[in-house]
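Chains A and B supply the protein sequences, listed in that same order. All the letters of the first sequence, read from the start, carry residue numbers 0 to 177 under numbering that gives the first Met the number 0. All the letters of the second sequence, read from the start, carry residue numbers 0 to 424 under numbering that gives the first Met the number 0. Built from N, CA and C at the ideal position, the CB exists for glycine as well. The structure displayed is predicted, hence computed values, not measured ones. Working notes for the structure below.
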Amino acid sequence: MVHVVNAEAGRSLHERAVAGDEVAFEALVGPLVEPGIRLAYSMLGDRTEAEDAVQEAITRAWRKLGQLRAGMPVRPWFLAIVVNQCRNTRRTRWFRFVRTSDTFRFDRDVEPGIERIDLARALARLPDTDRQALFLYFYLDLPVDEVGVALGISAAAAKGRIYRACHRLRPDLAEEDL
Amino acid sequence: MDELRKELRSLFERQQGGLREIRGSRETLMKRALVRKDEPLGGRLQLVAGIAAILIAALIVATFAYVRGRGVFHEGPYPGASSGRVATPTVPPNFKPARIPGLAVLDVDLVDLSTGWVLLTNCFEPLTGLCHYSVVATKNGGGSWSKPVPVGGQYSPANGDAPRKVHFVNDLDGFVYGGAGAFVTHDGGRTWAPFNISAVFVTFITGRSSVAWAATYPCAKGQSCPYEVRSSIDGGRTWSAQHQLPAGLSPVEAVPFGPSGLLIASTSDLVITLDAGATWRVIKSACTPGVSQEQIATSDGHELWLLCTDGAKNDALYVSEDAGASWSQRSIPAPGGPKSGLSGAAGLVSLAAGTALLNPGRGVMVSLDGGVTWAQAGPADVQFIAIRFCSASDGWALDIQNTIWATSDGGQHWTRVSAIQVASA
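Right under this line is the structure:
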């Protein structure tokens, strides 16, 4: 007798969400809201802007659920939508003229050491795209391939971007260390 | 590197200090976002972007058509509805498969290690136009693939009614289904016809040999009525009268077992039949309220496996050795340590009593002792999106790079057998 097994992926949440099940959608995307806000805040530097961007990203995620390939991890897919939404926000005239250009700033309450000041300055001088890659990799703990998906680049390009950014911060770093 | 990681984390932490407490934001944002979900996309930016995208797409199509000297859709993966252009599982000796760009793999299925099918779509990001679906077949274990055969029509990308799965009960009788769309073939995928059961929503079609099962929702969206389950003993040509599942029970997936058994997972409890649907029994789920019942598995209807996830860190795996009368929690294998639970994992499979496979996101873990201990099997760094077995020993796994892996020893060892390649017209 032939045994039959069914290995339906962890896609049922996704499928139920696609079918219009808001509870499934919340279960799928809900846990990603906080990292989404953190990512948006790192790009926009303003809590209200970040929450607006994530709210818009959630709406877009709902509409784009049909495009999410079954089996694809949801986290980088959603974070990619957040990144795009933040980029759109930064492109708006209001944001460019009213917001300060430097969205990457630190809480001044704590007096850091000299080395950390240097690192913070070096980090602030990095291109936005490099800083986003570092944020996703080091702060949100995404693996390299998910960093790639979130930034809309290949895993190899993401690894290269992270390495280059690290190398700018610490020139003695080897790629193998990543 | 560790030092840099630590310092960067510390810097990012301090930068995030401006956020303060954000724990309460999740519910608020979800609520607000979902209120707006049905609003039409507005804003000049979207309009301009949409027009620009259309113009660029038109330019590309026109250029391509000009260069080829004829319409772009006369060749390629979607040759139209011509019944003459069908899948040809027999591969010529000099056949050289060529990868067709612009298609993604949605699902795979097999009836033996040589014979299988793949459901393809053009519907993935970046997305332009409407979504199409097609099926290709292999007769040589993925060494080569037939021409794509279109299944169904065109679907809007936002339409949840599009097909998403392919399943064959034997080498002739198969189904493509998902949402409202379901199609059936009785010639191995050469031709496809609309599913012959009227339904608003098709939840699953499964089975093996000549036995098939289908769960459908007969009422319009928004109306509440019981789901219906039917069975077929002739590969889906004719179907039994419908059996109504208990009210409020929404089936999610199903696992057929033995000659006449079916285990159904729902959004709440499980339902099982041992006698081809003559009688049904509801099994209380072990998942805690609020934690989704994600995957089920059984090889005999007696030993049941149940994976509950919440997309975060409250995942739990349960095993019942008394047909669901009681459940015991088992450890969840996590090679490399998934950071936020198992959501998105690609399969829980029971091959025989005590034996199960689980894909925790990367690689495959195998347990031979009822889930008490787990061992890594196959490639540890490969992300599988589907795992299918046609017997207790033979199975395929599809990874995210569209590569098929095969096992003939119940998942202990996996061999890379084929990248999905499709013959161009």
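Where residue i meets chain A, residues with beta-carbon distance less than 7 angstroms
i                 : result
Val148 of chain B : Residues of chain A passing the Cβ test: none, with the nearest at roughly 20 angstroms.
Arg25 of chain B  : Gly29, Val32, Glu33
Val381 of chain B : Within chain A, no residue comes near Val381 of chain B; the closest Cβ sits about 11 angstroms away, beyond 7 angstroms.
Arg426 of chain B : Because chain B in this structure spans residues 0 to 424, residue 426 of chain B falls outside the shown range and cannot be described.
Gly140 of chain B : Under the 7 angstroms cutoff, chain A gives no residues; its nearest Cβ is about 18 angstroms from Gly140 of chain B.
Residue closest to residue i, alpha-carbon to alpha-carbon, out of the options
i                 : options                                : result
Ser417 of chain B : B:Val251, B:Ile196, B:Gly142, B:Leu305 : B:Gly142
Val107 of chain B : B:Val60, B:Lys146, B:Phe167            : B:Phe167
Ala379 of chain B : B:Ser392, B:Thr202, B:Gly410           : B:Gly410
Ala164 of chain A : A:Gly29, A:Arg90, A:Leu135, A:Val148   : A:Leu135
Asn169 of chain B : B:Ala277, B:Asp233, B:Ala192           : B:Asp233
Gln375 of chain B : B:Ser390, B:Ser298, B:Ile55, B:Ala355  : B:Ala355
Lys5 of chain B   : A:Ala149, A:Asp127, A:Leu139           : A:Leu139
Val144 of chain B : B:Leu244, B:Ser113, B:Asp314, B:Gly394 : Rather than Val, the amino acid found at residue 144 of chain B in this sequence is Trp. Ranking B:Leu244, B:Ser113, B:Asp314, B:Gly394 by Cα distance to Trp144 of chain B puts B:Ser113 first.
Ala211 of chain B : B:Ala192, B:Tyr226, B:Val365, B:Trp238 : B:Trp238
Ala161 of chain B : B:Thr184, B:Ser133, B:Gly173           : B:Ser133
Val82 of chain A  : A:Arg124, A:Glu21, A:Arg68, A:Ala49    : A:Ala49
Thr190 of chain B : B:Leu171, B:Ser208, B:Gly180           : B:Leu171
Ile295 of chain B : B:Thr278, B:Gln15, B:Ser267            : B:Ser267
Gly394 of chain B : B:Phe383, B:Lys283, B:Thr406, B:Gln400 : B:Thr406
Ile399 of chain B : B:Val365, B:Arg361, B:Ser366, B:Asp408 : B:Arg361
Thr27 of chain B  : A:Leu38, A:Thr47, A:Met42, A:Ile80     : A:Thr47
Gly377 of chain B : B:Asp408, B:Gly353, B:Gly369           : B:Asp408
Pro288 of chain B : B:Asp314, B:Ile263, B:Ile384, B:Ile331 : B:Asp314
Ser451 of chain B : B:Gln15, B:Asp111, B:Pro245            : Residue 451 of chain B lies beyond the stretch modelled for chain B, which goes from 0 to 424, so this question has no answer here.
Cys286 of chain B : B:Arg280, B:Thr205, B:Trp326           : B:Trp326
Ser215 of chain A : A:Leu12, A:Leu118, A:Gln54, A:Gln131   : Residue 215 of chain A falls outside the range modelled here, since chain A spans only 0 to 177, and no answer is possible.
Thr278 of chain B : B:Val363, B:Ser230, B:Ser390           : B:Ser230
Ile57 of chain A  : B:Lys30, B:Ala51, B:Ile50              : B:Lys30
Interface flag, residue i vs chain B, CB-CB below 8 angstroms
i                 : result
Glu48 of chain A  : no
Ala157 of chain A : no
Ile36 of chain A  : yes
Arg68 of chain A  : yes
Ser153 of chain A : no
Arg169 of chain A : yes
Cys85 of chain A  : no
Gly147 of chain A : no
Val109 of chain A : Residue placement at Val109 of chain A cannot be trusted, given a pLDDT of 43 that sits under 50; what the coordinates show is reported in the next sentence. It does; some Cβ of chain B falls within 8 angstroms.
Within chain B, the residues that residue i reaches when beta carbons sit closer than 7 angstroms
i                 : result
Ala119 of chain A : Leu10
Glu21 of chain A  : Leu33
Val53 of chain A  : Leu28
Leu133 of chain A : Leu7
Contact set between residue i and chain A, taken where Cβ atoms lie within less than 8 angstroms
i                 : result
Met29 of chain B  : Glu25, Val28, Gly29, Val32, Ile57
Val134 of chain B : Within 8 angstroms Cβ-Cβ: nothing; Val134 of chain B doesn't reach chain A, min ~15 angstroms.
Chain-ordered neighbours of residue i on chain A, where CB pairs are closer than 9 angstroms
i                 : result
Leu18 of chain B  : Ile36, Arg37, Tyr40, Arg46, Ala49
Gly370 of chain B : Correct list: empty, because the minimum Cβ distance to chain A is about 15 angstroms.
Gly323 of chain B : None at all; the shortest Cβ gap to chain A is about 17 angstroms.
Assumed close pair residue i, residue j - CB separation to whole angstroms, cut-off 8 angstroms
i                 : j                 : result
Leu357 of chain B : Leu347 of chain B : 5 angstroms
Ala16 of chain A  : Leu78 of chain A  : Actually they are not in contact, since the Cβ atoms of Ala16 of chain A and Leu78 of chain A sit about 17 angstroms apart, beyond 8 angstroms.
Arg329 of chain B : Val371 of chain B : 7 angstroms
Leu133 of chain A : Leu7 of chain B   : 6 angstroms
Phe200 of chain B : Gly178 of chain B : 7 angstroms
Ala52 of chain A  : Cys85 of chain A  : 5 angstroms
Neighbour flag for residue i against chain A, beta carbons, 8 angstroms
i                 : result
Gly235 of chain B : no
Cys122 of chain B : yes
Gly115 of chain B : no
Phe167 of chain B : no
Phe200 of chain B : yes
Ala240 of chain B : no
Ala103 of chain B : yes
Gly178 of chain B : yes
Ala318 of chain B : This sequence places Val at residue 318 of chain B; Ala is not what is there. So no, Val318 of chain B is outside the interface.
Pro375 of chain B : Looking at the sequence provided, one finds Gln at residue 375 of chain B rather than Pro. Taking Cβ atoms only, chain A never reaches closer than 8 angstroms to Gln375 of chain B, which makes this a no.
Val251 of chain B : yes
Gln15 of chain B  : yes
Distance cut-off 7 angstroms: residue i Cβ against heavy atoms of the ligand COA
i                : result
Lys63 of chain A : This structure lacks the ligand COA, and indeed carries no ligand of any kind.
Partners in chain B for residue i, counting only beta-carbon separations shorter than 8 angstroms
i                 : result
Leu122 of chain A : Leu7, Leu10
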